[in-house]
Structures are given as C-alpha cells and as structure tokens.
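Worksheet: one structure, shown below.
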Ligand code: GLY
C-alpha cells in the first residue's frame, strides 16, 4: 500500500512537471492554434461560397456589402491562393493543398504579363509558395518566365524596374515618365528566386540594382520613404519625389513603410549584404519611434494623416510589418524584434481587428485601407492583410517550435 502511494506521488510529480511545461508551451501554441482554427473556419466559409458558385473567383475585399472578386491581372490576385497555401502549411490538411493548387493554376497566364510590375506580388505569393511546398516542376517554369516578364521592365539608365506605365494613364497627368513605387521592393523576391531556380544571374543583378537605387533615392534622412520616385528614362536622373496613395508628397504612407521593411529584410536574406539589413532596421525604427504610432502598434494609414487620432488604421501595414519582424528577428536582436511582432499579432488578433465568425465577408482581418486619396477600399478587409497575417502566424510557429 505504502509502495502504491509512493508510486502515485512520483507519477503525480511527473505529471505536474509535464503539465507545468505543458502550460508554457500550450499557452504559446494556443494562441497560434486558436487563430489558425479561426482562419480555417473563415476560409472554409469563403471557399464554400466560391466553390458553390461553380466559378473560379478571386476575392479581394468588400465593396458596398458585397465581396469584390478581381481579375487575375489585379496586383492582389496572388494573395487568395497564397493564403490557401499557408492554410495547407499551417494545418497539413490536403483539402487546402488541392484548393491552393486550383486557384494558383488559374493565374497561369499572368507569367507573361509585362504591363506592370506587380507580377512579382502575384506569382510570388501563389506559384512561389506552391513551388516551395509542392516542388511542382511546372510551377518552377512559371516563376522563371514571370521573372523574364518582370525583367522586361528594367530601365538601364536609371537602374530600376519601372512600376507603372504612363502613356494614356492617370500617371501621365501627373507628369511622370518612369514612376517607381516603394512597393516594388517586394517584386524583387521573384527575381532572386528565379536566379536560384534557373541559374540565370541576370535576374539577381537587376534585383540588386533596383534595391541599391531605391536606397539612394527613395528614403529621407529619417528613413521614411517617398511613395513614388519618377526617373528620367534618358539619363536616369530623379524627376519627381511624390505620392499616389499617401496623404502628401512629404508624408510617410504606412504601407509604403511596411513594404520597405519587408523588402529590405528579404534582400538581406537573398544576398547576405548587411546594407540591406541596416536599411530594414532603420526603416523599422522610423515606425517604432514615431509619435503617431498608436499604443496597440497598428498604424494609421499614413503617419502624417492630418486628423490623427480620427483617421482609419491600416491593418494590412501591421500584418506586413509583423511578418517581416519575425524574419528580422532571425538575423539580429531576436528578442526585440520578436517581442514587437508578438505585440502586433496580439493586437491584430484582438476583437478590435479580428473579424467575428462568419462576418467581414469571411476575411480574417478588418480595418485596412487600400487607397484613401482615391476613396478606394477605406476601412475594409483586404486579402493581403489576411495573407501576411497567416504568413506571420507561420513564422511565429516556426520560431516558437525551436525555442
Ligand atoms: N502595391 C499597392 C499597395 O500597396 O497598395
């Protein structure tokens, strides 16, 4: 009897220890699993509606209470399939892999698109994640062809990739010749990957040239960035420093700052060049120390918006920054960057920004801003906010599993 009691005490002590460790691990994984489960339930509803329609639809946002489905050449068309790839990766559920492949392959013809720079966003988030997770040879070919298409927009005189065409468009009315937006930093990932996948180093060289010219011309001394730099096609000189989606030419548009942080973090990963790491860190410090960054760390749509605090937040910029910071934490100041990212994710996952089940057009996050000056997509869900939130959840999960 006494021996039995001793055994019970030992087993209880063992279980208590396991439970104590379990609580620490569990509280971390609870955050991730709760929010992955929520994302799954929203995207199950979303994909059930789309699949039920019998059409191949690509949801971006809500306009006037209705889901806006977009054409495949829209810059955000890769994010819906990209989110499906992340759901597959986060859950291991084959159902998501099948859907991700279907909605990725619907974008196949985008590989030949040369009309704008966003082919990097589109192909990277869809086929890029698809190739990473499936190794599908057909996807590798799409990525390399897409990089060729993007490279056709390289303008040697300025050493950059032209973002937008001008002739006959609103960009012509602005007097621009060769506009480059800070967002374009994100397209470079496609070029780096294409060099790895093809051995053709011309893609890599274009990416490095663009990243270097952007450091030179796109940043102010405080490391905030201009949205648009307009270059001369003849001699490569800078003609204008302006904005399209920010509050003013001299303001700091929140998502532009997010693209810069993410873009240079990625450039450091791909090249190992510390000047890119430095640029990412300085661009982030601008955000971290800005007096207009709210306590919950979810930026207003522009750091200089005139009616702060009565201005819309841009949840998409927070999701992009959080994801970038998890990566940055693997290169420098791990505790500092991870703590920042964790706090942003906690805010994003609070009732202030996370949708209620079955609401918000079945997107995950509320309260993003597309382009306030164009009165377009203000205070709405956006598919790229969801995409970077899922990517951030995945990165957080990876970091915590090796702790
Ligand atoms: N790349 C366009 C945007 O960030 O709104």
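In this note's numbering, the protein residues as written are 24 to 426.
Ideal placement from N, C-alpha and C gives every residue a C-beta, glycine not left out.
Source: prediction; values computed, not measured.
ask   = Would you say residue 278 touches the ligand SAH, meaning its beta carbon is less than 7 Å from a heavy atom?
value = As presented, the structure is devoid of the ligand SAH, carrying the ligand GLY as its sole ligands.
ask   = Is residue 136 helix, strand or coil when you go by DSSP?
value = coil
key: Candidates 52, 91 and 61, of which the one nearest residue 404 by Cα   = 91
Contained beta strand (DSSP E) runs [length at least 3] in the region 178-228, N- to C-terminal order = 202-204
task = Report yes if the CB atom of residue 145 is closer than 8 Å to the CB atom of residue 186, and no otherwise.
result = no
ask   = Do three or more CB pairs link the region 269-276 to the region 210-226 at distances below 8 Å?
value = no
ask   = Which whole-angstrom value is the C-beta distance of residue 342 and residue 408, which I expect to be below 8 Å?
value = 5 Å
query = Leaving out five residues before and five after residue 305 in sequence, what residues of the same chain have Cβ atoms less than 7 Å from its Cβ?
reply = 246
key: Whole-angstrom distance between residue 367 and residue 209, CA atom to CA atom   = 21 Å
query = Which word fits residue 218, buried or exposed, when buried means at least 16 other C-beta atoms lie within 10 angstroms of its C-beta?
reply = buried
Residues near residue 162 in its chain [Cβ-Cβ closer than 7 Å; skip 5 each side] = 150, 153 and 154
Residue 248 - partner residues in DSSP beta bridges = 242
Residues near residue 24 in its chain [Cβ-Cβ closer than 6 Å; skip 5 each side] = Low confidence applies here, because residue 24 scores a pLDDT of 37, under 50, leaving its location unreliable; read the following figure in that light. So the list is empty, once near-sequence residues are dropped.
message = Assuming residue 388 and residue 378 are in contact, meaning their beta carbons sit under 8 Å apart, how far apart are those beta carbons, in whole angstroms?
response = 7 Å
ask   = Can you find a heavy atom of the ligand GLY that lies under 7 Å from the Cβ of residue 88?
value = no
ask   = Which residues in the same chain have their Cβ closer than 6 Å to the Cβ of residue 420, if we skip the five residues on either side of it in sequence?
value = 55
query = In its own chain, which residues sit with a C-beta less than 7 Å from the C-beta of residue 47, not counting the 5 before and 5 after it?
reply = Bear in mind that a pLDDT of 27 at residue 47, under 50, signals an unreliable position, so the number given afterwards is only what the model happens to contain. So no residue of the chain qualifies.
ask   = Using a threshold of 7 Å, is the CB atom of residue 119 nearer than that to any non-hydrogen atom of the ligand GLY?
value = no
query = Among the residues of its own chain, which have a CB less than 6 Å from the CB of residue 202, if the five just before and after it don't count?
reply = 186, 187, 194, 251 and 253
inquiry  = For residue 412, which residues in the same chain have their Cβ closer than 7 Å to its Cβ, ignoring the five residues on either side in sequence?
reply    = 342, 371, 387 and 388
ask   = Taking 7 Å as the cut-off, is the CB of residue 193 close to at least one heavy atom of the ligand GLY?
value = no
query = Under three-state DSSP, which class holds residue 166?
reply = helix
query = Taking contact to mean at least 3 C-beta pairs separated by less than 8 Å, is the region 132-147 in contact with the region 170-189?
reply = yes
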